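Novice: Our numbering puts the first residue of the sequence shown at 56, with every later residue one more than the last.
Dropping a structure here in structure tokens format, bear with me for questions.
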Amino acid sequence: MPRLHCTRPARVVIATLLLVGTTFAADKTNTIGPNRAKWLKVRTRAVNFLKSAQDDDGSWTSPQAAGLTALATTALLDSGLKADDPVVARSLAYLESLAQKNGGIYHPKTLHRNYETSIAMLAMTAASSSATPAARKRYAAHISGARKFLKNLQWDKGEGLETTDPGFGGAGYGKHKRPDLSNTQFFQEALLSAGVKKDDPAMKNVLLFVSRCQNLESENNTTAFAGKIGDGGFYYTPAAGGTSQAGLAANGGLRSYGSMTYAGLKSMIYAGVKPDDPRIKAALGWIQKNYSVRLNPGLGQQGLYYYYHTFAKSLSVINLDHIEDSAGVKHDWRLELFDQLAKLQRPNGSFVNRAPRWYEGDPNLSTAYILLALKYCQPRPLKAAKR
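So this is what it looks like as structure tokens:
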């Protein structure tokens, strides 16, 4: 049975995480990340593209693309725009118009109720700090209703599942779609942003599901796939027979890949899992062996812009400023990711994935992903960084 061992670089990363507030002696500068002027230029051009691409009704791409519009709105707010900016105000009004009587925030014809509601909650939460008192009150009411709606979508005993079921605790696109790690991470973030605590039953159940999406056999994961690969990475879902977008191994294992590994790592940190937990160690070990800012490990160019967002946010959440890869090379991931993104930006400020799977051929979606990633790439003093 495959076993995952903690390599020397992995031990270095774990020790670094546990020594909060220390610095790397080898660093010759007091700044991590890219040059601020260059970073601002790339971000500003991307913001201007999204502002120019908005439709008159406040949406992007299509009136039915509620999830994309919520993502773009969040990206603009995270890039410094305020709730009263005309573009943001139009998109927020559009999202408010989608609020349903059941508390969800989604287009009536959608099959993605969980996803759209989750991202809309994140957008309204991001807008609240700069909104007028009246708007803040409206957003709070929408968020409260959406929180209840999302909890009812979680796959748990209400759907007849036992805690031992591989799908227990996860969330999918909607009520009748099997749960997956991608939708579960947005579900978790939305509830946390709405004030749900880590010890809430819904959050504890999320951790059960996320643990079962990892290629790591343990007391937290006894699914049929847990020990087949054992590399510490994550895949799409163990539910309904299991699925990995990276395909199957020869022994029937579900292959790990980059975007889901970073999503799984982030979800575990959000759930309160400590850095010295074997699940975190195993995930970091996989990341060190597969570190890349040029491709989505396991999928190549597919889902690359989603990967960039998840990569940057996860490493920021876990408070890592450098990644030491399996060859012992230390990477300033903010700088390296930014340099790659700057190369990919098109003359009009947008980003487009030439591998258009999962709608990444749409410049509105890909540019929103990149703005969300850029938030975590910004330069900052090394002395202010937590380790």
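Ideal placement from N, C-alpha and C gives every residue a C-beta, glycine not left out.
Treat the numbers as computed from the prediction; the structure is a model and nothing was measured.
Taking DSSP as the reference, what is the three-state secondary structure of residue 217?
Specialist: Correct three-state label for residue 217: coil.
Novice: Once DSSP output is grouped into helix, strand and coil, what is the label at residue 206?
Specialist: In this structure, residue 206 counts as helix in the three-state DSSP scheme.
Novice: Which word fits residue 274, buried or exposed, when buried means at least 16 other C-beta atoms lie within 10 angstroms of its C-beta?
Specialist: Per the 10 Å Cβ criterion, exposed.
Novice: DSSP three-state call for residue 273: helix, strand or coil?
Specialist: Looking at residue 273 - three-state DSSP - the assignment turns out to be strand.
Novice: Straight-line CA distance for residue 167 to residue 280?
Specialist: So the alpha carbons of these two residues sit roughly 27 Å apart.
Novice: Can you find the residues in the same chain that come closer than 8 Å, C-beta to C-beta, to residue 396, ignoring five residues on each side of it along the sequence?
Specialist: Answer for residue 396: 97, 363, 406, 425, 428, 429, 432, listed in chain order.
Novice: Are the beta-carbon atoms of residue 369 and residue 324 separated by less than 9 Å?
Specialist: Against a cut-off of 9 Å, the Cβ pair of residue 324 and residue 369 comes out as a contact.
Novice: Check whether the Cβ atoms of residue 88 and residue 390 sit closer than 9 Å, and answer yes or no.
Specialist: Yes, Cβ-Cβ distance for residue 88 and residue 390 is below 9 Å.
Novice: Considering only residues of the region 154-211, which uninterrupted alpha helix (DSSP H) runs meet the minimum length of 4 residues and lie entirely inside it, listed in chain order?
Specialist: If we require 4 residues or more, the alpha helix (DSSP H) runs fully inside the region 154-211 come out as 168-183, 188-208.
Novice: Counting beta carbon pairs with one atom in the region 239-246 and one in the region 168-187, are three or more of them shorter than 8 Å?
Specialist: Enough Cβ pairs lie closer than 8 Å, so yes.
Novice: How would you label residue 444, buried or exposed, when you count the other beta carbons within 10 angstroms and need 16 or more for buried?
Specialist: As shown, the chain starts at 56 and ends at 442. That puts residue 444 outside it, with no answer to give.
Novice: Does the beta-carbon of residue 343, which I'm using as the reference point, lie nearer than 8 Å to any heavy atom of the ligand ZN?
Specialist: Here there are no bound small molecules, and the ligand ZN is not part of this structure.
Novice: State the CB to CB distance for the pair residue 101 and residue 404, rounded to an integer number of angstroms; the pair is presumed to be in contact (CB under 8 Å).
Specialist: About 5 Å separates the two Cβ atoms, so the contact holds.
Novice: When the Cα atoms are used, what is the spatial distance from residue 410 to residue 188?
Specialist: Spanning the two alpha carbons is a distance of roughly 43 Å.
Novice: Quick one: what's got a C-beta closer than 6 Å to residue 412's C-beta in the same chain, skipping five residues either side?
Specialist: For residue 412, where only same-chain residues beyond five positions count, the Cβ hits under 6 Å are 357.
Novice: From the DSSP output, in three-state form, read off residue 377 for me.
Specialist: It is coil, neither helix nor strand.
Novice: Whole angstroms is fine: what's the gap from residue 179's alpha carbon to residue 293's?
Specialist: Taking the straight line joining both Cα atoms gives about 32 Å.
Novice: May I ask you to list the residues that DSSP assigns as paired with residue 4?
Specialist: This structure leaves residue 4 out entirely; the chain is present only between 56 and 442.
Novice: Is the CB-CB distance between residue 309 and residue 298 below 9 Å?
Specialist: Their beta carbons are under 9 Å apart, which means residue 309 touches residue 298 by this criterion.
Novice: Report the rounded CA-to-CA distance for residue 272 versus residue 286, giving the unit in angstroms.
Specialist: Distance between the alpha carbons of residue 272 and residue 286: 10 Å.
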